[in-house]
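Okay, structure first, notes after.
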Amino acid sequence: DEGKAAMLFPGSINDQSWNAVGYQGLVKLKAAGWDTAYSENVQSADEVEALRDYAKRGFDLVIGHTGRFLSAAERVGGEFPKTTFIVGSGSGGAGKNVASVDFDNTQFGYLMGVLAAKLSKTGKIGSVNGLEGLPNVYSQIGAYRQGARSVNPKIEVKVIYIKDMEDAAAAKEAALSLADWGADFISGKLNAAQAGIIQAAKERNIYCNGRSTDQTAIAPTNVATNIVEKWDEMYAAAAVEAKAGKLGGKYELYGLDTPGSTGASLKYSPDSAFNPAIPPAIVADVEALEKTFAAGGLKIKVVKEDGHGGL
Amino acid sequence: MKDPVALGPIELSASEAGAPDAGALFQRLGAHNGLRATGRAVVAVLLAFAVTAIPILISGKSPIAAYWALLHGAFGSFDHVAFALNKSTPYILTAVGVALCFRAQIINIGGEGQIAVGGLAASWVALNCGDLPSLLAIVLALAAGAVAGALWAGIAAVIRLTRGVHEVLSTLLLNFVGVLLVSEALNGAMGEAGAGFPQSPMFDEAVRLPTLFSGYDLHVGLIIALVVTGCAQFLLWRTRFGFQLRLLGGSRAAAAYAGVSFAGGVIGVMLLGGGLAGLAGGIEVLGVHYRLIEGFSLGFGFTGVAVALLAAANPLAVVPAGLFFGFLQAGALAMQREVGVPSSLVYVIQGFSIVFVLCAIGLDRRWQRV
Amino acid sequence: MATAASDAALDCKRPALEESVLPALLEMRGIVKTYGAVCANRSVDLDVREGCVVGLLGENGSGKSTLMKVLFGMIRPDSGRILFQGRALAGHSPREAIAAGIGMIHQHFTLVEAMTVTENVMLGWAAAGAVLKPAEIAARIEATSRTYGLAVDPHAIVATLSFGLRQRVEIVKAILRGAKLLILDEPTSNLSPPEVAGLLGVIRRLREERHSVIFISHKLAEVIEICDEVVVLRDGAVSGRTPIAEATREGLARMMVERDLSAPVTRSARAPGQAVLAVEGLTRRDASGATRLSEIGFTVQAGEILAVAGVDGNGQADLLDTLAGILPAHSGRILLDGRDITRMSVRRRLAAGLAYIPIDRGGTSLVPGMTIADNLAMRDFDRPPLARGPLLDPGAMRARANERIAAFDIRAPHGDVQARTLSGGNQQKIVLAREIGRKPRLLLAFQPTWGLDPGAARFVIDQLLLLRDEGGAILYVSAELEEVLTLGDRIAVLSNGRLSSPEPRAEVDVTRIGLMMAGAA
Amino acid sequence: MDYAFLVALLAASVRIAAPLILGALGGLISERAGVFAVGIEGMMLAGAFGAAIGAFVSGSPAVGLLLAVVAGSLIASIVAIAVTIFRADQMVTGLAVNILAFGLTSFLLRGLFGGRAPSIRLHIFGAIDIPFLSSLPFVGPILFRQSALTYAAVAIALLLHLALYRTRAGLTLRATGENPEAVFAAGNNPIRIRQLAVIAGGAIAGLGGAVLSLQDVGTFTDGMTNGRGFLALAAVIVGRWTPLGALAACLVFGAASALEVRLQGFNLPVSSYAIQMAPYLLALAVLAGLGRGTRMPQAIGQAYRVG
Ligand SMILES: Nc1ncnc2c1ncn2[C@@H]1O[C@H](COP(=O)(O)OP(=O)(O)OP(=O)(O)O)[C@@H](O)[C@H]1O
Ligand SMILES: Nc1ncnc2c1ncn2[C@@H]1O[C@H](COP(=O)(O)OP(=O)(O)OP(=O)(O)O)[C@@H](O)[C@H]1O
Ligand SMILES: [Mg+2]
Ligand SMILES: [Mg+2]
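Chains as they are written, first to last, in the working numbering: chain A, -10 to 300; chain B, 56 to 425; chain C, 1003 to 1523; chain D, 980 to 1286.
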């Protein structure tokens, strides 16, 4: 018995995406011997109450699975020194017991940019996202742009933001508009809406990336690979640190170059990283780049403006 | 369009031709008017819980444990009560404004957008008020929220009067715009640099709404809401403006006959309704979040409409209706946390409760005074 | 109060003997209908024979409409039996009533205003076919209209039709559906004398074809003229029935109210003062640009009633609403006590001493959902004594309500009951109490006796005369020629937006006025 | 704006409009009978759910469509009963069933899969090229290379137009929204008509939901209608309660959102948030430009009681 861990989700764990992968983290903690509980669809106004209630009921670990929870965690952190609050895709810590974890969006965005540019025949690639201006969003997009240009300096990268990360139909239309423009690789970082990108790619027979291996199954020929976020590993690692009293108010950014977890990985299926249709030479290039990242040989710097919409 | 709230002259009898008359049944069950109305509402809520017990059972939880958790979550400790009261506050404020609009037959469903811009304006003041004394800063921020909400609603009123676009449409569309305006502000100058979520920096302690009891989150917003409700009730029944609103709502032709200007009424009541929603937005950021944060206004507008209609557009009745929503939601959230009932059931309970309560009210509301 | 109508009544009555052999069409027995504490019908019996016109009389609220709604299947009675053409009708709906051959024209028409005449006729009519054939139906409407002299344009939108035309639509609708028995609930209110004559002609025509008619009216003269038999309701029960040959106005009135209503209207000699209202060259066009009023000019003096005869659709509403400030005038001048009020707001006109009784008490002169006190305050709630600054003074409002309820004999326990719970007569008393109670300089009255029983109508008339005698100026507009002749010191006719020049009462030619009202002269 | 861009834009407009059209037609039937259709969002969501579950469990899209219709009408029948028999307030009832549908679909989705988050993948309805017509220049790629439910949406709009204005049933329906008294006096039962209308509207709105799950994305996710029901409702009003008007309004809304995503490609000097406002501001501007007041069905929102 490791203690009690609760997780709060901004949406529903049905979403086959962001909340679903977060839920995998909770499943992993349970397997590791934690008593678990969770709340879904936690709205802004209810965050403080939800965090506080779990803490009051003696939960040792309370995880908020989106950056939005950081604000509330900072509020209640001080009241419950014995509880550790972890915010997934947060961007900072506070005091001794409020920490953030995230994976390094720049690395995976860059890898995706390189892959896209190498696969593109039209010299145009796209990306569909939500929440313009958020650090983890512009990190991935900025890096995507840089990666693509590192392969082909003249490549055109068009980015579209949609209003709601859960709206698959809207994402599909955005992706189709990119396809209409000529893009033949569409990336993105969406929640339930990611499926829309994949449907669009399937319909136009172009490449895209998904967010979990489940999404490969939607369009096996069109999904180049998935950026599978390892929230289970990250939360498990963070939980171990927290139990050992070493997490503190840290901001843990997991990447290919960090111990414990790589934060995410490229996966096409459980046993292969890339779509078998991708030429081995390209696969080799991307894998080599992964190794460079792992060795700390490449650091990507991204600023907010790199995530701008449009070209 | 006629009054969506008051019904036409309808007789009290029980046994006309046509569809089965549930009223007759209830009438035989019930005894006295006021008591009967309350009784019906209670029966309705119990019925909703009974119906929702089925899916709870299916999900493998005990309904009794779940409902106990709900009760406990709503009323179990002062903390819980405080949370529920805080939740009810924006509902009450918004609903009072909506109720006044409905009284004049103006269908303002723009609460969400008005709350959003209200919160935005209040946050701007809170972030920029420098070293003003605390009380002054808070009052200024709330006033800014109210003014912004009022102007936002005022746009719909002006479009209605000058271009004949029905306010149902314009307020609905302005909701989307208002919410995006907040995102835009957070993406721009008002956003907190490097934050993992679109949000502004925290406000200074000085501009946060004071709490009523130290150590508890219950903020003064509730008091403001109650005072506002009292004022609205007074306004509606005891002032010339209130009379004008009721006259406009009772009959546009009669209002014209009495020389009451439709334009004046629409502008006045929309500014008022929008102002109250904007105030609710200000209270929400200053009292609950201590910052402007994306999504803070989500769903409040529609809940406000539901509360106002549930209260049959009576300002005083808005208080129990708003509390009903606040406590039901607070309890249902606790139920999810404590018993692990899926959050979806929280919505099921809410949905059924509202439908059943509406049915009970529908049977009663035949002689509403305007 | 002899009129052309009652003079003509004598020659169209048939011998009683022939009637008694006519077969029975309808038998209603022991109809009981209660609304809470109110007993609208207490064991009412009603018989109608084929080819017979039965008059149904009674005060406001005596249960006439209720009885008819029971017959038509709109209301289920608490008890009672109905036999129609020998078949029992029980628990029926309008659909079955229509199928059995009953047609009903309600006091408040049941037409869809936004639709055309043809669409209204096709509504719910199985014979119109599952797929609509508007051209075919329009042709049938035209044919029927011609047969019965009920000219109506099948393509007109009902909302644009006058009251009289709407009534024709209802009648055509019922006839086309093969109604054997036609129920007419207060059909003659708001019709011009020629229109009334036309309607009575239609009824006669129907009778000749062996149709039967139940005719509800508050106007005894009409009832005596057209009916073969009269049934009187009082307080929900039959208080008398009589073949028409034996009926007199006095006798019928006594059956209705147990008191004599025939005391003649008394009026003091006319002592006209100076002009209170002077209108010069008043012209108004509506939104579509059609001229509603053209070059109207007249004066009304203190202590005088200027009675204007005219039927719906000829500009009466426009005239009164323009004078009251609700509608704008295009050109011309309106002077009140010498002051130009042409551009004044409604409120300022009120303050200047103008009062107005519009025709519609369902939502213009009265808000049914508001209390009596509120309704009494409706036109001056924003001034002392009812308001102090921006606040209302509920005490003053209540006091005024109590005072007016007493002074105008409004049948209500107190001022806090909703106006909708009162009978039509009592609702009208609220309006009178508000408008006359302010002792106005000028009263505009638009058919204030509409739908009122003789007792209530008489009360209204007496109140108007009282105001006149106290020196008020009254502009009285009505389609009821009889009232126009009774009340007017001077009389004019408004037809097609033009006002004839007012003539003193003694000099008017009744027939010519009737024709002018119908636009025929 | 070049030719290809325009064609792609218009084709996208029609695609985006499809679920809106069905939602709007469902709402229109209900509102024409005098019942506010605020619950369309919930009915569409239920339809999306029914379609996904039906198709997933049976493997047949036809079963999916059937279940979409059933699910939409089930939610609608709650509205129908509450507003006609119990005379509950129409607007709040609509709002309430929206919440209810959100909760029920989410709960059932998980319930059906033993409490775990499921993973539903469905074949979606692909584009069907209409022979000959699809090869017409311009209109071909815009109108005649759409998917099955898009054609169905337009067809239903045309059929509804005929039904409303050419049949007696349609006449009765319209009259019920204007003056139920008159309908009753003419021998029909307005209460029954309203019930049927609301339920039929729910069925069609359910199909609208099916467009999202079976034609657009091939899965069901919680709340996937995401406010489209409200947009559909707006289209009913903008279209002045006529099927063809609503159809046109939905196409305009579709065009606005197709344009919105494409506008972002032009590197305008504003953020995506500002551009996302465009469809709503555009709609407002169009409405204000039309500048006529709306005339709702006269008896809408009012409970009717026989007698
Ligand atoms: N729906 C109703 N609910 C309650 N009471 C009613 C209702 N309809 C009628 N009544 C009452 O029943 C009585 C008879 O009404 P009814 O309409 O039959 O009168 P009426 O003879 O037609 O009157 P009028 O001459 O004014 O048309 C009245 O006292 C009235 O108040
Ligand atoms: N729900 C009700 N409860 C009590 N009385 C009612 C109710 N509805 C109507 N009445 C009364 O029933 C009577 C008949 O109603 P109806 O609508 O026919 O009005 P009315 O008196 O005939 O009006 P008018 O003569 O102006 O047309 C009126 O006295 C009215 O006040
Ligand atoms: Mg009557
Ligand atoms: Mg009457």
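In this text, a Cβ means the ideal position worked out from N, Cα and C, and glycines have one as well.
Item                                                                                                                               : Value
Contact with chain D by V373/B, beta-carbon distance below 8 Å                                                                     : no
Contact check, G131/B vs A332/B, beta carbons under 8 Å                                                                            : no
Contact between the stretch 1076 to 1087 of chain D and the stretch 1218 to 1227 of chain D (3+ Cβ pairs under 8 Å)                : no
Residues of its chain near L255/A, where Cβ-Cβ distance is below 8 Å and the 5 sequence neighbours each way are ignored            : F97, L100, T214, N215, I216, V217, A262, F263, V275, E279
Inter-residue spacing [alpha-carbon to alpha-carbon] between N319/A and T1072/D                                                    : A question about residue 319/A goes unanswered here, because the residues of chain A that appear run from -10 up to 300.
Of the residues R1097/C, V1267/C, I1177/C, R1170/C, the one placed nearest L1467/C, counting alpha carbons only                    : V1267/C
CB contact check: N1168/D to chain A, cutoff 8 Å                                                                                   : no
Residues bridged to T1525/C (per DSSP)                                                                                             : The first residue shown for chain C is 1003 and the last is 1523, placing residue 1525/C beyond what the model contains.
Positions along the stretch 355 to 387 of chain B whose CB lies within less than 9 Å of some CB in chain A                         : F355, Q384, A385
Continuous beta strand (DSSP E) stretch holding C197/A: start and end                                                              : 196 to 199
Three-state secondary structure (DSSP) of R1514/C                                                                                  : helix
Boundaries (first-last residue) of the alpha helix (DSSP H) holding E192/A                                                         : 183 to 193
Backbone secondary structure at L999/D - three-state DSSP                                                                          : helix
Test: L303/B CB closer than 8 Å to a CB of chain D                                                                                 : no
Residue burial classification, E1138/C (beta-carbon count within 10 angstroms, cutoff 16)                                          : exposed
Whether G1090/D touches S114/B by CB criterion (8 Å)                                                                               : yes
Buried or exposed by the 16-neighbour rule on C-beta atoms within 10 Å, applied to P70/A                                           : exposed
Beta carbon of I1412/C nearer than 8 Å to that of I1463/C                                                                          : no
The stretch 150 to 167 of chain A in contact with the stretch 181 to 189 of chain A per 3-pair CB rule at 8 Å                      : yes
Where N86/A falls: helix, strand or coil (DSSP)                                                                                    : coil
Closer than 7 Å: S1219/C CB and nearest ligand 3 heavy atom                                                                        : no
Environment of D1455/C [buried if 16+ CB atoms lie within 10 Å]                                                                    : buried
Complete beta strand (DSSP E) runs within the stretch 198 to 269 of chain B (minimum length 3 residues, chain order)               : none
Contact check, L378/B vs G152/B, beta carbons under 8 Å                                                                            : no
Any non-hydrogen atom of ligand 3 closer than 7 Å to K1066/C Cβ                                                                    : yes
Beta-carbon gap between A139/B and F351/B smaller than 8 Å                                                                         : no
Whole-number beta carbon distance between L1434/C and Q1465/C, since they are thought to touch under 8 Å                           : 6 Å
For P75/B, three-class secondary structure by DSSP                                                                                 : Because the pLDDT at P75/B is just 35, under 50, the model does not fix this residue reliably, and the point stays unresolved.
Whether Q391/B touches S398/B by CB criterion (8 Å)                                                                                : yes
With 16 other Cβ atoms within 10 Å as the buried cut-off, status of T1112/C                                                        : buried
Span separating the alpha-carbon of D1080/C from that of C1229/D                                                                   : 51 Å
Backbone CA spacing between A1277/C and P1156/C [nearest angstrom]                                                                 : 46 Å
Listed by chain order, chain B residues near P209/A by CB distance under 8 Å                                                       : Under the 8 Å cutoff, chain B gives no residues; its nearest Cβ is about 31 Å from P209/A.
The stretch 1036 to 1046 of chain D in contact with the stretch 1056 to 1075 of chain D per 3-pair CB rule at 8 Å                  : no
Whether V373/B touches A121/B by CB criterion (8 Å)                                                                                : no
Segment contact flag, the stretch 1174 to 1181 of chain C with the stretch 1494 to 1506 of chain C, C-beta cutoff 8 Å, min 3 pairs : no
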